[in-house]
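What follows is a set of notes on a single structure, which appears directly below.
In the numbering used here, the protein residues as written are 343 to 554.
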C-alpha cells in the first residue's frame, strides 16, 4: 500500500509539473520572461503558488525545465549514444541529423529562441541556460560521434569541433534559423530530408579517410 500511495503521489506531482511547465511556456512566449510572474503561471496551471514553488523555487528553475523538455532529457543519454553503435558514418550522421531536425522543428522551439534573444540583454542567464542545457549537449553528442569515427578510422576528423559545427550548421540554416525572422518559413519534409542528406554527404566526403 505505501508503494501504491507513493506511485499515486508521484503521478499527481508529475501531472502538476507538466501543467506548470506548459503554462509557463505559453506565458513566457506570449508576454515575455520578465513580465510573467510565477503567481500568474500557477493561476494558469491551476495549482497553488505553494505547489509551484515546491517544484520550481525560482523562475530560472522553471525556465530550465522548459529548455530540458524542448530538447529532450534523453537526447544525450548513454542509451541514445548506443543507438549509433555499429552504424557507418552515413547511417550515424543521418540518425543524428534526423534527430536534430526533429528537435528544431518542435512546436514552440522558434518562439523559445525568440524569447531568449529578446530577454538576453536583461537576463543573460537565459541564454546560458538555453546553450548549456539545450544546444551544447546535442553538439557534444555529435562531437563525440565524430571523435569515435576518427578513432575507428571510418572518418578522418582532425578537428571534431569544426566538423560538428559545419554539420549542424548546414541543417539548422535551412530547417530553423530563417524561421526566427520569417514566421511563414516551413520547409517541406522532402526539403528537410534532402538538406540532411546533403549535410551527411558533404561531411563524409570531406572527412573521408582517403583525404588523410
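Backbone N, C-alpha and C fix where the C-beta goes; we use that ideal spot for every residue, glycine too.
Report the CB separation of residue i from residue j in whole angstroms; it is logged as a contact under 8 Å.
i: residue 448; j: residue 412; result: 6 Å
i: residue 388; j: residue 457; result: 23 Å between Cβ atoms; not a contact.
i: residue 386; j: residue 369; result: 6 Å
i: residue 542; j: residue 378; result: Wrong, their Cβ atoms sit about 40 Å apart, outside the cutoff.
i: residue 538; j: residue 439; result: 4 Å
For residue i versus residue j, is the C-beta spacing smaller than 8 Å?
i: residue 469; j: residue 488; result: no
i: residue 510; j: residue 484; result: yes
i: residue 443; j: residue 362; result: no
i: residue 381; j: residue 393; result: no
i: residue 452; j: residue 497; result: no
i: residue 492; j: residue 502; result: yes
Taking all protein chains shown into account, do 16 or more other C-beta atoms lie within 10 angstroms of the C-beta of residue i, making it buried, or fewer, making it exposed?
i: residue 459; result: exposed
i: residue 472; result: buried
i: residue 428; result: exposed
i: residue 353; result: exposed
i: residue 355; result: exposed
i: residue 359; result: buried
i: residue 461; result: buried
i: residue 466; result: exposed
i: residue 524; result: exposed
Could you check the C-alpha separation between residue i and residue j for me, to the nearest Å?
i: residue 431; j: residue 532; result: 22 Å
i: residue 433; j: residue 383; result: 43 Å
i: residue 463; j: residue 516; result: 27 Å
i: residue 495; j: residue 482; result: 20 Å
i: residue 407; j: residue 546; result: 35 Å
i: residue 404; j: residue 366; result: 8 Å
i: residue 549; j: residue 478; result: 22 Å
i: residue 544; j: residue 530; result: 21 Å
i: residue 540; j: residue 519; result: 18 Å
i: residue 426; j: residue 441; result: 12 Å
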